[in-house]
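Numbering (this note's numbering), first residue to last: 23 to 575.
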Ligand code: AMP
């Protein structure tokens, strides 16, 4: 199948907002494809050439795409930047510049494109990737070029089509409930293979495949203990809410892998955790938190930060900032998928697995081994919550998590079976939209950041709410300066508009109405609490939260 046919369907999908119409377009296209093409097309529609279970990434950024378009079209860099800002993305900017410089007749197939992505993946560094991108763009028509670029950047084609809709279209095509498709896709981590299984009526053959991250289950915030009773009728688990980084651990045979909340592999950063986990028998997937701890005492998040930015972990760093893994859930064990078992049953399995090999529950707050289960108590009365909260804080933790013992594990869902109690809402998660050269000692760095919240959960429009410059370490500022330089969308000299991907947690005194920012609000005395490497821009706070804080202060 020609790649242009895929691009044409994408354009039709983008032209309608109706989900049913989008699904019908995909279904009609899928019907024309061989199994091999169906596999590729399903992955491409979901936004990346490689399946989730395949940890390969292309590592292509906006800068090398800009260079490739400039090589082909001789466009002025300023023209390119203006088009990217106007159209909000690289693919569309390229579409305007490429005509006259590239092919007019489409010739490449879906399989050709896949072969090119594989070649790009093995080419190391922008200088090796650039000639491949130039040669490919030259052989594609401008419209195909758009989708070649979008897939290269990965994640979302920006045509109003998420992986969920691809699952929906597949289910409609073979007339099965969408839940069956979702389950198979979650277990094997490849929408392409799922599509082929669905076509042949073999979805029930999908087996859990390890070493691709499942999405994480999340919690909803509550302000008052009374809200627990609205969601959980009986006794409930109260767990310490640890202030580290979320991690999912997979083990099979001798191999252990760790994945972050953003579904990236982070195994190499935590060798001592990997060594301790590899002693737990059998094959399994655990959900938990990585914390810095020394001699049993939890260290503040700042200590863990030293481990997060490093690709290579030196012996010195291992010595300075030792880490532990606190397990709070088990999702799979020795052939059994446990997601639909109630939490209290999963917990029994978790403790049976960890306690003989790891440490005990840290009842007194002391973490006695590199792998321990979370501190969890079964509570009947909500009047215990305040005391438990204070004790959790005294142990160096952030607050409490309340969990329904009967709850299933729902990957990717922020439900009300898990509730988080963090007292005053004192921080916001925001994304950086512009970076500015600092003053004084920081004049060689991009150290002052303008940041934004989302308009709403459904509307990704970014609205600036403030600007902050203090709170990060020098190493982080250096790393961010490099990142922002490579990801500048528009350069105004001292100020650079940057790709909105870096998430920061910001503390502040109050929120005030303000005409200066598009959001209509400004944070007073904002300070950067931390760089949230574990969160993506899709997960930041919304305007509604800002409004609520403004009204309550
Ligand atoms: P938030 O980052 O405020 O959305 O809170 C959700 C995060 O709390 C999760 O991603 C976990 O990293 C963290 N967390 C800490 N302790 C627990 C726990 N006992 N159970 C589940 N999540 C926890």
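By construction, the Cβ of each residue, glycine as well, lies at the ideal position given by its N, Cα and C atoms.
- A direct Cα-Cα distance of roughly 9 Å separates residue 250 from residue 426.
- Straight through space, the alpha carbons of residue 531 and residue 248 are spaced by roughly 27 Å.
- Annotated as distal: residue 35 and residue 177, with beta-carbon spacing of 8 Å or more.
- Excluding residues up to 5 positions away in sequence, 80, 151 and 154 lie with their Cβ nearer than 6 Å to the Cβ of residue 142 in the same chain.
- When rounded, the separation of the alpha-carbon atoms in residue 86 and residue 534 is 41 Å.
- With a contact defined as Cβ atoms closer than 8 Å, residue 160 and residue 125 qualify at about 7 Å.
- Inclusion of residue 283 and residue 268 in the CB contact set at 8 Å is warranted, their separation being smaller than that value.
- With respect to the 8 Å criterion, residue 49 and residue 206 are not classified as neighbours on the basis of their beta carbons.
- In terms of Cβ geometry, residue 299 and residue 260 do not form a close pair [threshold 8 Å].
- Straight across, the Cα-Cα distance linking residue 563 with residue 119 is about 36 Å.
- Along the length of the stretch 202-275, whole alpha helix (DSSP H) runs at least 4 residues long occupy 213-221 and 248-253, reported in chain order.
- Of the residues assessed, residue 429 falls on the buried side of the cut-off, its CB having 16 or more other CB atoms within 10 angstroms.
- Note on residue 163: 16 or more other CB atoms within 10 angstroms of its CB, so buried under the neighbour-count rule.
- Rounded to the nearest whole angstrom, the C-alpha separation of residue 62 and residue 136 is 8 Å.
- With fewer than 16 other Cβ atoms inside 10 Å of its own Cβ, residue 478 counts as exposed.
- Here DSSP, grouped into helix, strand and coil, assigns residue 350 to strand.
- Within 10 angstroms of the beta-carbon of residue 336 lie fewer than 16 other beta-carbons, which makes it exposed.
- Boundaries of the beta strand (DSSP E) around residue 550: 549-553.
- Sequence-distant Cβ neighbours of residue 510 in its own chain, meaning closer than 6 Å and more than five residues away, are 518 and 520.
- CA-CA distance, residue 540 to residue 117, rounds to 30 Å.
- Sixteen is the threshold: since fewer than 16 other Cβ atoms of the shown chains lie within 10 Å of the Cβ of residue 378, the residue is exposed.
- Of the residues 95, 29 and 225, the one whose Cα lies closest to the Cα of residue 180 is 29.
- Straight across, the Cα-Cα distance linking residue 546 with residue 350 is about 37 Å.
- Bridge partners of residue 422 according to DSSP: 262 and 443.
- Within 10 angstroms of the beta-carbon of residue 322 lie fewer than 16 other beta-carbons, which makes it exposed.
- Per DSSP, the unbroken beta strand (DSSP E) holding residue 485 starts and ends at 484-490.
- In the same chain as residue 375, and ignoring 5 residues on each side of it, the C-beta atoms closer than 6 Å to its own belong to 302, in chain order.
- When the Cα atoms are used, residue 107 and residue 147 turn out to be separated by approximately 26 Å.
- Ranking 188, 218, 113 and 228 by CA distance to the CA of residue 175 puts 113 first.
- Between the ligand AMP and residue 258, a heavy atom-to-CB distance of less than 7 Å is absent.
- Here the distance from the Cβ of residue 396 to the nearest heavy atom of the ligand AMP is below 7 Å.
- Taking each of 318, 442 and 434 in turn and checking the Cα distance to residue 382, the smallest one comes out for 318.
- Within the same chain, and ignoring the five residues on either side of residue 232 in sequence, the residues whose Cβ sits closer than 6 Å to its Cβ are 272 and 274.
- Here residue 311 carries a strand assignment [DSSP, helix/strand/coil].
- A residue is called buried when at least 16 other Cβ atoms come within 10 angstroms of its Cβ; residue 104 does not meet this threshold and is exposed.
- Judged by DSSP secondary structure, residue 281 falls within the beta strand (DSSP E) whose first and last residues are 277-282.
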